[in-house]
Amino acid sequence: MPTYNKLIRDRIPEIIQQNGKHPTTRILIESEYIEELCKKVSEELTEYREAKTMEHKVEELADLLELVNALAEYEGVTLKEVENVRREKAAKRGGFRDRIFLIDVKEE
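Numbering of the sequence shown is given in full-length UniProt numbering, commencing with residue 1 and proceeding in unit increments.
Below, the structure is given as structure tokens:
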């Protein structure tokens, strides 16, 4: 019997049961939940970086977006609010499209 000890999507226990298996789960307390969300972001980012096909990359980006949505909900904001802040920051400071890498800044 495999041991996972990780945050899973809400319908996974139901899917496991439909496959004739019996999952053991528990509900995380708030501090555990935020810690596990952050771990999951790291896990999904690694999976994105390792993805070889465009389809797999898009799937991992969707997982990351789902996690950003969960983090936003945890903080009491919507993805729309997060997107508005993203746009404001991009208008003021730019995005990351130009691939600029800062090496250092010298004082005069």
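The C-beta atom is built at its ideal place from N, Cα and C for all residues, glycine as well.
Please report the Cβ distance between leucine 65 and valine 41, rounded to the nearest whole angstrom; I am assuming they are in contact, meaning their Cβ atoms lie under 8 angstroms.
Between valine 41 and leucine 65 the Cβ distance is about 11 angstroms, and since that is not below 8 angstroms, they are no contact.
Determine the direct distance from the alpha carbon of glutamate 60 to that of cysteine 38, and round the result to whole angstroms.
Near 15 angstroms, if we compare the C-alpha coordinates of glutamate 60 and cysteine 38.
Counting only the same chain and skipping the five closest in sequence on each side, list residues whose C-beta sits under 7 angstroms from that of valine 58.
Taken in chain order, the list of residues that qualify is empty.
How about proline 23 and proline 13: do their beta carbons lie closer than 9 angstroms?
Result yes, Cβ atoms of proline 23 and proline 13 sit closer than 9 angstroms.
Using three-state DSSP, classify histidine 22 as helix, strand or coil.
It is coil, neither helix nor strand.
Quick check on the burial criterion: 16 or more other C-beta atoms within 10 angstroms. Buried or exposed for leucine 102?
Answer is exposed; the Cβ neighbour count stays below 16.
Thinking just about the alpha-carbon of each residue, which of Thr25, Ile8, Gly20 is nearest to the one in glutamate 36?
The shortest C-alpha separation from glutamate 36 is found at Ile8.
How about tyrosine 4 and tyrosine 33: are their beta carbons less than 9 angstroms apart?
No, the Cβ-Cβ distance between tyrosine 4 and tyrosine 33 is not below 9 angstroms.
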